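Protein chains in written order, with this note's numbering: chain A, 486 to 564; chain B, 761 to 1314. Every residue, glycine too, gets a C-beta built ideally from N, C-alpha and C. It should be emphasised that the depicted structure is a prediction, and the values quoted were computed from it without experimental measurement. What follows is a set of notes on a single structure, which appears directly below.
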Amino acid sequence: MRRRFRRAAVVVTAGFLGWYLVFVGLAAFARGFMARTVAGSVNVALLLGLLQFASTFALTWGYLVYARRRLDPLAGELR
Amino acid sequence: MTGGALTFGLFLVFILVTLAITVRARVTTRGADDFYAGGRTFTGPQNGIALAGDYMSAASFLGIAGIIALNGYDGFLYSIGFLVAWLLALLLVELVRNAGRFTMGDVLVRRVRRQAPVRRAAAVSTVTVSVFYLLAQMVGAGALVSLLLGIHRGERFLGMGAGTAKTVTIVAVGALMILYVAFGGMKATTWVQIIKTGLLMAGAVVLTALVLGRFGFDASAMLGSAADASGKGEAFLRPGLQYGQDVPGDAYRTVVNKLDFISLALALVLGTAGLPHVVARFFTVPDGRAARTSVSWAIGLVGVFYLMTLALGFGAAALVGRSAIVAQDPSGNTAVPQLAQAVGQHVGGRVGGDVLLAFIGAVAFATILAVVSGLVLASSASLAHDYFGQVLMLGRPRESQEVAVARFASFLVGSLAIVLAVVARDLNVAFLVALAFAMAASANVPAIVLSLFWRRFNSAGVVAGIYGGLIGSLVLVFFSPVVSGKVDPVTGQSLSLFPTGVDFHLFPLENPGLVSIPIGFACAVAGTFAGREKADRERYDDLSVRALTGAGSQ
C-alpha cells in the first residue's frame, strides 16, 4: 500500500510540478513563442494558462478515482 | 455618498449575522475537539467550501484582478500558481489529517523521540507565518475600507478622514476576529468562512456574467478591447509586463528579474500546503476520505474563481480603463469595485451602480474578516496546544485549561496584530503575503513532507529544517531590494521600505523562495545527520500505517 501510494504521489507530483515549471519557464524565457496568436485575441500564453487549469482538474479527478479504486480498499483491509 | 452608506449598511448586516453564529457556536463549543476542530462534524463539501474561503483572501480577489487590470497576463500567472499548488495539498491532506489531531505540531511529533523542541519549533513557525499574513490582510483592510466608503483624498464619512478611518477599520476588524475566534472557535470560524465563500462566488459570477454580456459573451473580443484600452496593445496579453522583465542591454538584470519571477512561482506552488490556516482546516472533518473530498471541492471552487478573475481583470481594463483605476489606487486594488459600479450602472443606472458597488465592497470586507479569523485561530491553537499543553504542561493539561489558554492566546495574537497593523498602516505591505508563502514553503513543507516520507528523519532534523527555513527566508528578505536600495529610475523615489539613500541590500531577488526552500530542505537533512539520534523505526512504521489507512486516528 505504501508503495502504491508513493507511486501515485510521485506520478502526480512529477506531472504537475514538471508541467508547471515548463510553463513558468516558457513565460520567462520564451516570450516569442508565448506571443503567437491562435485565434482572434487568444495567444499561446493564454491557451497554455487555461491548459494548466484543465490539467489541474484532470489530475485531481484522476487521483480521486485512483484513490477510491486502488487505495481505499487496501486501507480498509489493513485496518 | 449613498454608495458609501449602502456599503456600510451591508457591512453591518454581515457583522450581525456572523455574530449571531458566533453566539450559537459558543453554546455548543465545550472541549478541545469543538474549539480546535469544530467537533470534526463538518462534511467534506462543507469543509471544502471553507477551505476555499480561507484561501481566497482579499489579496487574491481584489489583488489579482487588479494586477490583471493593470499588467494584463502577468496577473493570470498568479492565479495559475495559486491553483496548481492545491495538487500538493491533495496528496498530503489525508496523511496529515490521519497523522495529526489539531495542529501541524501533532503531525511532526508522531514519529520523533524528543517532542518538546519539535512542538516549540512548530508553534514558532505557525505564529510567525500567521502574523505576517495577518498584518498584510489587516493593513489592506484599512486601505480598502476607506476607499470603499469613499473617504480617500479628503472626503469624509461619519466625520472621519482617511487616516482615522484606516485606524478605526483595523481596530474594528481586529476586535471582530478576536470575538469570532475566542468565543466561537473553529465552528464559528468555519461558518463565517462558508457564508463568505458563498457571497464571494455569487458576486464573482454576477460580475463575470455582466462583463462577458457587455462583449456579447465573446471572450476574444473582451481581450482585444482590453488590450486596446490598456495602451500596450498585444503585449498586454503576453507574459512579461511586470514579472521577469527584459532589460535591454543589461543581461544581469534580465536574468535576476527572471529568476525572481521563477522564485515567486515556486513559493506560491509549494507554500499553500504549509499555510497554518489551511493545515488547521484539514482536521475539521471526521476522516481522511472526507479530508480528500474537501480538498477536491476546494480545487473546484478555487479553479472556477480564478478563471473568473480573468474576466474581472481584463473586463476592468477594458470597461474602466487604466487611468481611472490608477487614479483611485495605484496598485489596482479597487479595479473590481470600480468594475462593479461600471457594469451596474450600465444595467440599472446610477442606483444599479451603487448597489453592485456596495455589494462587492461588503464581500471584500467579509473576505478580510473571515481570512484573518482563520489565521488567528491557527496560531492560538498552536500556542495553546503545542506550546502550553505539551511543552509547558508536559502534555498533562486539563482540556478545559488548554481551551481557556487558546481563547486567551487569540486575544494576545489578535491584539499584537492590531498594534502592528496600526503602526504599519501607511506602508506598502503587499510583499508580506509573498513572504508568508515563502516561509510556509521553506519551513513547514520540508518538515511535513520529510516526516511523512523519510524513514531516517528525526527531531533534530525537524527543528533544524523549521528554523533554517524560517530564518533563511527572513534574512534573505531583509537583505533584499524589498527592504532597502530599490530606487525608481524615473522619479528617484524609493521603492523599498527604507527611504532613498539607505542601501544594505546584498541579495538580488525580491522573492526568497528559490534559495530559501532548498535551505529549508538542506537544514532538515543536515540536522538529521548531525543530531546523531537514531530514528525510531517502529514509530515511523506506526505513523505510515496510521497516515495511509487512518487506523487509530481520532
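Per DSSP, the continuous alpha helix (DSSP H) segment holding ALA1164/B begins and ends at 1159–1183. In this structure, the CA atom of GLY1104/B is about 11 Å from the CA atom of ARG974/B. Taking C-alpha positions only, GLN875/B is separated from ASP1146/B by approximately 10 Å. Between ILE1022/B and chain A, the shortest Cβ-Cβ separation is below 7 Å. The alpha-carbon separation between TYR1300/B and MET1199/B amounts to approximately 26 Å.
Rounded to the nearest whole angstrom, the CA to CA distance from LEU1269/B to GLU994/B is 28 Å. In the same chain as PHE501/A, and ignoring 5 residues on each side of it, the C-beta atoms closer than 8 Å to its own belong to SER540, THR541 and LEU544, in chain order. Counting only runs of 3+ residues, no beta strand (DSSP E) is found wholly inside the stretch 1020–1077 of chain B. Looking only at THR1044/B, ARG784/B and LEU837/B, the smallest Cα-Cα distance to ASN858/B is reached by THR1044/B. Scanning chain A for C-beta atoms nearer than 7 Å to the C-beta of GLY1000/B yields ARG516, reported in chain order. The Cβ atoms of SER1133/B and ALA942/B lie no closer than 7 Å to each other. The alpha-carbon of LEU936/B is positioned some 10 Å away from that of ALA1130/B. Straight across, the Cα-Cα distance linking LEU868/B with PHE1213/B is about 12 Å.
Nearest in C-alpha terms to LEU909/B, of all of LYS1294/B, ALA797/B and THR1094/B, is THR1094/B. Distances from the CA of ALA1207/B to each of LEU1195/B, GLY1229/B, ALA1190/B and ASP1248/B were compared; the closest alpha carbon is that of GLY1229/B.
A Cβ-Cβ separation of about 24 Å leaves LEU830/B out of contact with ALA1118/B under the 8 Å criterion. Within the same chain, ASN1271 come within 6 Å of ALA1194/B by CB-CB distance, once the 5 residues on both sides are set aside. The way I'd put it, the stretch 1081–1088 of chain B doesn't touch the stretch 950–959 of chain B; fewer than three beta-carbon pairs between them come closer than 8 Å. The C-alpha of VAL891/B lies about 21 Å from the C-alpha of VAL1163/B. Nearest C-alpha to VAL931/B among ILE1178/B, LEU843/B and ALA1224/B: ILE1178/B. Nearest to LEU1137/B by alpha-carbon distance, out of LEU1255/B, ILE938/B, TRP846/B and ARG1297/B, is ILE938/B. Across the set TRP846/B, SER820/B, GLY1221/B and ALA1166/B, the C-alpha of GLY1221/B shows the shortest separation from the C-alpha of VAL872/B. Note that the stretch 784–802 of chain B touches the stretch 940–954 of chain B; at least 3 beta-carbon pairs, one per stretch, sit closer than 8 Å. At least one C-beta of chain B is nearer than 7 Å to the C-beta of GLY534/A. The C-beta distance from THR1069/B to ALA845/B rounds to 15 Å, too long to fall under 8 Å, and the pair is not in contact. Here the stretch 918–934 of chain B makes no contact with the stretch 835–853 of chain B; the two share fewer than three CB pairs at distances below 8 Å. Looking at VAL1285/B, THR1309/B, LEU1180/B and ILE1226/B, the one whose alpha-carbon comes closest to that of GLY934/B is LEU1180/B.
Scanning GLY823/B, LEU822/B and TRP951/B for the CA closest to the CA of THR803/B turns up TRP951/B. Under the criterion of beta carbons closer than 8 Å, LEU1072/B and VAL965/B do not qualify as touching, at roughly 11 Å. With respect to ALA1201/B, ALA1040/B sits apart: the two C-beta atoms are not nearer than 7 Å. The DSSP-derived three-state label of ASN528/A is strand. Within its own chain, the residues whose Cβ lies closer than 8 Å to the Cβ of ALA520/A, once the five positions on either side in sequence are excluded, are ASN528, VAL529 and ALA530, listed in chain order. Here MET920/B carries a strand assignment [DSSP, helix/strand/coil]. 7 Å or more divides the Cβ of ILE954/B from the Cβ of ALA1102/B.
By DSSP's assignment, SER1254/B forms a beta bridge with VAL1247/B. Taking a C-beta distance under 7 Å as the contact criterion, ASN1204/B and GLY1092/B do not qualify as a contact pair.
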